[in-house]
Structures are given as C-alpha cells and as structure tokens.
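The block underneath contains the structure these notes are about, expressed in structure tokens.
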Amino acid sequence: MQIENIIINEYLENNSFITTKQAESMGISRHILSLMAKEEKIKRVKQGIYTKNDKVLDIYYLLSLNTKKLIFSYESALFLNNYIDKEDKNIHVTVPQGYNVNRFKKKAKNIIFHYVNVDTFEKDKVEVLTKENNKVFSYSLERTCLEIYNRDKNFKLIKKIFMKLDDEKKKSLKDFFKNNTINIDKVL
C-alpha cells in the first residue's frame, strides 16, 4: 500500500480531488482508497471522491464532478470569470429543461437552479478555472450579462462589470447585446 500512497499523494499535490474512477485508471483499487481514508491518509469527501486532509474544498468543482449537465451561471459565472470579487452566498447553475435536480436540492440548500431549452444549454459555454485551479464550465460574460438583464430588467450590476472591462471586451459585450436587440449604449 506504500506505493499506492505515494501515487495518490503525488496526484493530490496537483489536483484537489481524486475519484475512484481516476484511481482505478492508475491501478489503485477502491479498497485501497477506503483503507487510506480509514487510516486518515486522505479524506473521503463523499462516495467515490477523496482529497488530502488539509485541502480546502472546492464546491464548484465538487458539484461539477456529479454531472456534466451543469453550467455555472449568473453571479456564479461572473465570480468564476473574475468579473466580480465577492462570491455570492448562493451558487447559480443552469441545467437543461427536464433534468432532475432533486439529488442536489436535498444536499445543498444554497444552489439556485435555472432551466433552459436543451438546444441552447451549451451555447456560450466556456471552461474556467476555480480559485483552487480546477476546471469547470460557466457561461461567457456576454450570455451571463444577458441572463442577468432578463432576470432583473436592470443594468446596475452589468454597469459595474462594464466599467472594469478592457476596450476589446467592452466592444464584444456591446456587439453581443446589439445582436440580442438590447441597445447597451442607451443604458451605459
């Protein structure tokens, strides 16, 4: 088990979590992971997911491990894309219409689900890094701003973000809104 311990610890130096599937692909059995957790060499986060004992849990990555049908949106997308500094107390995720989210709702009360048509679910999806350097999916700035506008009918948050953007990103955002029949110049 010493070799497995070295392999797992080396993997966890560069990654926040290891799943049983990942461990098995490296030739390490579920039983070994379970023993290592029992001996407190690693920590079991939940079924099939382990981390180092001293690692900070990355809730965004942890949620994304559960399903590929989840994209961070609204304020969560702005936070993950570094357009706002303060993390919202709620995590906003978008899922396709008809997707069953009951298992998430039972485990986490601070997740707000938004539903979109299956055909548009993956449109404007971008890969981003969490603060702990794990890859997750969120929506682009343009789509996020449009969603926030459609939800709030208010440009207050979008104005704050717009002021922080470089000229290229400002132009991109303006073009996006023009193509979506909202004249952003009038409100900015």
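Numbers in the numbering used here are just positions in the sequence shown, counted from 1, shifted up by 15. Glycine included, every Cβ here is placed at the ideal spot set by N, Cα and C. Just so it is clear, the structure is predicted and the values come from calculations on it, not from any experiment.
Would you say residue i and residue j are within 7 Å of each other, going by their C-beta atoms?
i      : j      : result
Asp181 : Arg158 : no
Tyr154 : Ser88  : yes
Ile57  : Glu19  : no
Ile86  : Phe152 : yes
Leu105 : Asn81  : The identity of residue 105 in the sequence shown is Asn, whereas the question assumes Leu. Result no, Cβ atoms of Asn105 and Asn81 do not sit closer than 7 Å.
Ile163 : Leu156 : no
Leu188 : Val143 : no
Tyr76  : Asn149 : yes
Could you tell me which residues DSSP pairs with residue i in its beta bridges?
i      : result
Ser204 : Residue 204 cannot be examined here, being either before or after the span of the chain that is shown, 16 to 203.
Lys58  : Thr66
Lys150 : Leu144
Thr34  : Ile64
Under the rule that 16 or more other beta-carbon atoms within 10 Å means buried, what is residue i, buried or exposed?
i      : result
Val110 : buried
Lys201 : For Lys201, the predicted model reports a pLDDT of 44, less than 50, meaning its position is unreliable; a value from the coordinates is still stated below. Per the 10 Å Cβ criterion, exposed.
Ile23  : buried
His46  : exposed
Glu39  : exposed
Asp73  : buried
Glu90  : buried
Met41  : exposed
Thr135 : exposed
Val133 : exposed
Val71  : exposed
Three CB pairs or more closer than 8 Å across the region 91-102 and the region 117-124: No, the region 91-102 does not touch the region 117-124.
Given 8 Å, three or more beta-carbon pairs between the region 63-70 and the region 30-43: As far as the Cβ criterion goes, the region 63-70 touches the region 30-43, which means the pair count is three or higher.
Length-filtered (3 minimum) beta strand (DSSP E) runs lying within the region 80-144: With a minimum length of 3 residues, the continuous beta strand (DSSP E) runs that stay inside the region 80-144 are 106-111, 126-131 and 140-144.
Alpha helix (DSSP H) segments (min. 4 residues) lying fully within the region 159-186: As far as the region 159-186 is concerned, its whole alpha helix (DSSP H) runs of at least 4 residues are 171-179.
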